[in-house]
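Notes follow once the structure below has been shown.
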Amino acid sequence: MIFRTIINKNSIITLIKNSKTLPQLNQIHAQIILNNFSNHLITSTKLTHKLFDFQATNQAKNLFKSLTKTNPPDLFLYNVLIRGLSQNGCPLDSLLAYLELRERTLLEPDNFTYLFVVSAVSALGCEKVGVLIHGHALISGYAKDCYAGSGLVDMYVNLGKIEDAYKVFDGIAEPDTVAWNTMISSLVKISFFHECCVVFRDMVRKGGRFDSTTVAVVLSAVAGLKDLRKGVMIQCVGIKVGCDLHDYVLTGLVNVYSKCGDILSAELLFGLIKKPDLVSCNAMIAGFSLSGDIKSAIRLFKELVCSRGRVNASTVVGLIPVSCPFRHLDLLRSIHCFCLKSGMLLDPSISTALISVYCRLNEIELGKRLFDESPEKGVAAWNAMISGYAQNGLTEPAISLFKEMQRLDIHPNSVTVTSILSACAQLGALSLGKWVHDLIKKGSFDWNIYVSTALIDMYAKCGNIAEARELFNTMEEKNVVTWNAMISAYGLHGLGHEALTLFEEMLNSKVTPSGVTLLSILYACSHSGLVEEGQKLYYFMVNDHGFTPSAEHYACMVDLLGRAGQLKKAVEFLNSMPVSPGTAEWGALLGACMIHKNTDLARLASDKLFELDPGSVGHYVLLSNIYSVDRNYSQAASVRQTVKKQNLAKTPGCTLIEVDGQPHVFTSSDQSHPNAAAIYDKLEEIMGKMKDVGFQIETTTALHDVEDEEKELMVTVHSEKLAIAYGLITSEPGTEIRIIKNLRVCLDCHNFTKFVSKITERVITVRDANRFHHFTDGVCSCKDYW
DNA sequence: CTAGGGTTAG
């Protein structure tokens with residue numbers, strides 16, 4: 001055997017270093033014992049180190065124990081032990097070894113000791129121990145050291161103590177590249193992309209020497225932010241200081257350009273990569289798929305399979321056509337099939353991605369089945385399912401899934417609560433929303449911009465605009481979405497001037513308005529009668545800022561003009577459009593015609609609508625109502641006949657009211673409520689008072705049934721009247737009544753509510769399909785303009 | 001260096 005020639009310790013150490021397998025190492029170990037080298041400390045240290053490398057943890061431990069008796073281990077060996085135990089899934093043993101070192105020996109821990117033991121504390125997740133060891137490091141003067149300091153930074157980030165991590169980092173005397181990189185990559189690990197870029201900027205300013213690893217990590221943060229400008233800047237900074245275009249850096253750049261939609265640059269950079277590996281190919285595949293170039297994505301995927309024989313989960317997830325899934329159902333099916341056969345479907349990242357894409361395709365059932373069949377469900381899978389429900393308007397299943405999560409003791413995170421808050425907002429579930437808010441206040445989840453924005457939206461949509469604004473004011477970081485949410489909140493409540501003021505503030509801040517901003521502002525103007533202001537802003541955005549309007553923007557402009565009664569101008573606007581108007585634009589005109597009872601224009605608009613979209617119910621209902629206004633009942637009936645023939649049912653109206661945190665839902669003429677008798681009594685009482693003071697019953701623009709309307713109004717009681725009556729009997733006098741309905745409020749109910757607010761001296765808040773109505777003392781905040 | 005989940009408008 002080769003060991004015959006062993007003569008000295010140095011050659012044994014070389015053999016240990018070069019050993020490739022555990023059996024090989026064991027043979028060497030045997031030779032060490034045979035040659036009486038067991039007492040040689042350096043040999044034993046190298047052997048322990050190598051045993052840990054081969055994950056032979058128990059052997060390493062035993063070797064260490066056997067050494068103690070003969071000759072005591074030095075600090076170096078202790079460090080090897082602490083590191084090895086920590087890295088091989090024994091963080092507690094690692095910590096115990098550290099304590100043994102401190103208490104049973106005369107040895108003093110050095111910077112390496114702290115670096116290693118601190119990583120064990122990270123794995124244990126025990127903050128108290130972490131602080132204790134930080135204290136030890138401070139006393140011994142190692143907290144300012146790059147090695148120990150980097151370990152502490154990483155530890156605090158893993159413990160979720162970002163501020164402490166920053167403090168430790170700021171205390172490091174002269175951070176080296178590794179220390180900077182640790183700070184930067186720790187922030188990336190927890191998705192603090194913006195903060196990561198800030199640290200990198202500081203590093204450049206302070207003249208810190210960065211390497212290709214730094215640049216690659218910062219680029220991954222930039223990709224997370226989808227900020228192309230930053231990506232280009234970092235590229236320039238890198239080139240300026242001569243950081244070579246290492247393959248990792250190029251891969252990072254491919255990723256940034258892909259995420260930002262510049263697929264041509266991504267492809268170009270991909271071509272510069274010297275040896276494309278799995279990672280860089282994955283980045284490129286994801287880029288192709290995201291840009292809609294499915295053909296290229298598949299081509300590269302096939303190349304990868306041919307040349308390497310296998311791919312990983314990242315490859316598959318990247319290939320899933322998330323940008324336009326409805327156009328690539330075949331591919332989706334193939335991927336699903338491929339994963340099923342290869343067993344990759346068991347990978348949580350793949351199943352989660354599939355659940356998400358199915359939900360986006362409205363294939364909730366399919367998503368749910370995949371969800372149920374996933375054996376290893378992470379929080380992400382739950383989040384995908386919950387948001388799938390919430391985004392499709394299925395608020396109840398979203399909330400019940402959230403409750404099931406808690407029953408199963410699966411901890412929701414900030415992503416979960418963001419979706420739940422969105423569901424609360426849609427549903428008007430103020431109590432649940434407040435409950436979630438309390439949980440957040442208690443510190444159960446991270447506060448971030450998504451959560452705050454969702455909270456603002458929730459409060460606004462549940463009627464509490466003041467709380468929404470309060471939250472908005474206290475946010476230190478705001479993005480476009482935050483501003484949009486607040487602007488549209490004002491629009492929703494008919495507070496057009498406040499919306500305009502906020503928009504001014506937004507322009508003064510550094511946030512660039514988006515298409516949604518303009519929509520929100522136009523919507524707010526339209527619902528407050530601010531025609532001039534809305535028009536001015538529209539042309540300001542389009543002419544001065546080169547903004548390209550979409551169909552929704554055109555529709556909003558038609559609505560703005562039309563709602564204010566300027567129908568002629570609305571038609572002129574339609575004719576002046578650079579593209580031909582679609583259903584959104586004509587629909588807006590039809591709606592305006594209905595408000596202002598212009599039958600001729602209504603007919604024109606509805607003809608266009610039927611031409612463009614024969615299947616839609618809403619248009620039929622509107623048209624039918626138009627004829628009713630004209631007292632042309634036979635025409636109205638014939639339109640409704642068409643609706644019935646095509647089996648196009650209209651949405652039944654319903655209203656929700658919360659009493660003591662419990663939701664109560666009423667439908668038209670609902671008798672099913674346990675307190676029905678009392679409710680109808682109350683209603684009769686109010687109706688009687690209304691008649692006494694001569695309130696007219698108005699039916700002409702009722703959006704509900706138009707057939708036999710006289711007869712129907714006798715027997716039909718709209719759901720919101722029932723909800724208000726119930727609110728009156730269940731709440732204390734003087735308190736606010738808050739109801740939510742799924743359709744637009746009708747004129748009759750609007751009058752009814754005004755009257756109730758006057759005689760009962762109550763504030764009544766009604767959220768209808770479009771907006772809020774705040775009734776006080778017989779007047780509505782919408783000024784009868786809705 | 002690559003992969004899964006989130007907020008606004010309609």
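Numbering (UniProt numbering), first residue to last: 1 to 786.
Backbone N, C-alpha and C fix where the C-beta goes; we use that ideal spot for every residue, glycine too.
Buried is the label assigned to W180, since at least 16 other Cβ atoms lie within 10 Å of its Cβ.
Contact between L228 and V256 is confirmed by a C-beta separation of about 7 Å, below the 8 Å threshold. For the pair A390 and S419, the CB atoms are nearer than the 8 Å cut-off. In the DSSP assignment, P23 falls within the unbroken alpha helix (DSSP H) covering L22 to L34. At a cut-off of 4 residues, the continuous stretches assigned as alpha helix (DSSP H) that sit fully inside the stretch 436-513 are 449-461, 465-474, 480-492 and 496-508. Beyond the five residues adjoining it in sequence on each side, F270 comes within less than 6 Å, by CB distance, of V254 and M284 in the same chain, given in chain order. In the structure shown, P581 adopts coil according to DSSP, grouped into three states. In this structure, R744 sits near N770, with a CB-CB distance shorter than 8 Å. Per DSSP, the unbroken beta strand (DSSP E) holding V665 starts and ends at Q662 to T667. In the three-state reduction of the DSSP assignment, F192 falls in the coil class, being assigned neither a helical nor a strand state. Selection R299, R104, L34 and A564 evaluated against M594 yields A564 as nearest (Cα-Cα). When the Cα atoms are used, P73 and I399 turn out to be separated by approximately 58 Å. About 13 Å separates the Cβ atoms of N479 and V451, ruling out a contact at the 8 Å cut-off. Judged by DSSP in its simplified three-state form, C654 adopts strand. Taken atom to atom, the span from the alpha-carbon of L432 to that of D446 is near 19 Å. Between the alpha carbons of R209 and D202 lies a distance of about 12 Å. Out of S526, N543, E532 and N675, the CA that lies nearest to the CA of A555 is found in S526. Three or more beta-carbon pairs separated by less than 8 Å link the stretch 743-760 to the stretch 771-779, which places the two stretches in contact. Counted as a single uninterrupted DSSP element, the stretch harbouring R771 is not any beta strand (DSSP E), since DSSP gives it neither H nor E.
Burial state of G238 is buried, judged by a 10 Å Cβ sphere holding 16 or more other Cβ atoms. Around the beta carbon of E585, 16 or more other beta carbons sit within 10 angstroms, so the residue counts as buried. In this structure, A143 sits away from L115, with a CB-CB distance that is not shorter than 8 Å. If you look at I320, you'll find it isn't in any beta strand (DSSP E); DSSP assigns it neither H nor E. Taking 8 Å as the cut-off, the beta carbon of T667 is found closer than this to the beta carbon of S719. Residue range I737 to K741 is occupied by the beta strand (DSSP E) that includes I739. Judged by their CB atoms, I28 and S19 are nearer to each other than the 8 Å cut-off. In this structure A725 is buried. Its beta-carbon is surrounded by 16 or more other beta-carbon atoms within 10 angstroms. Taking a 10 Å sphere around the C-beta of S86, we find 16 or more other C-beta atoms and assign the residue as buried. For A677, the enclosing alpha helix (DSSP H) has its first and last residue at A676 to D692. In the structure shown, the three-state DSSP call for V215 is helix. C-alpha of L25 to C-alpha of I82: approximately 21 Å in a straight line. Residue environment for D784: exposed (fewer than 16 other C-beta atoms within 10 angstroms of its C-beta).
The straight-line gap separating the alpha-carbon atoms of L159 and T48 is approximately 30 Å. For the beta strand (DSSP E) assignment, the UniProt repeat "PPR" (277-311) encloses no uninterrupted run of at least 3 residues. As the crow flies, the alpha-carbon of I184 is around 40 Å from that of V542. S66 counts as exposed, since fewer than 16 other C-beta atoms from the protein chains shown sit within 10 angstroms of its C-beta.
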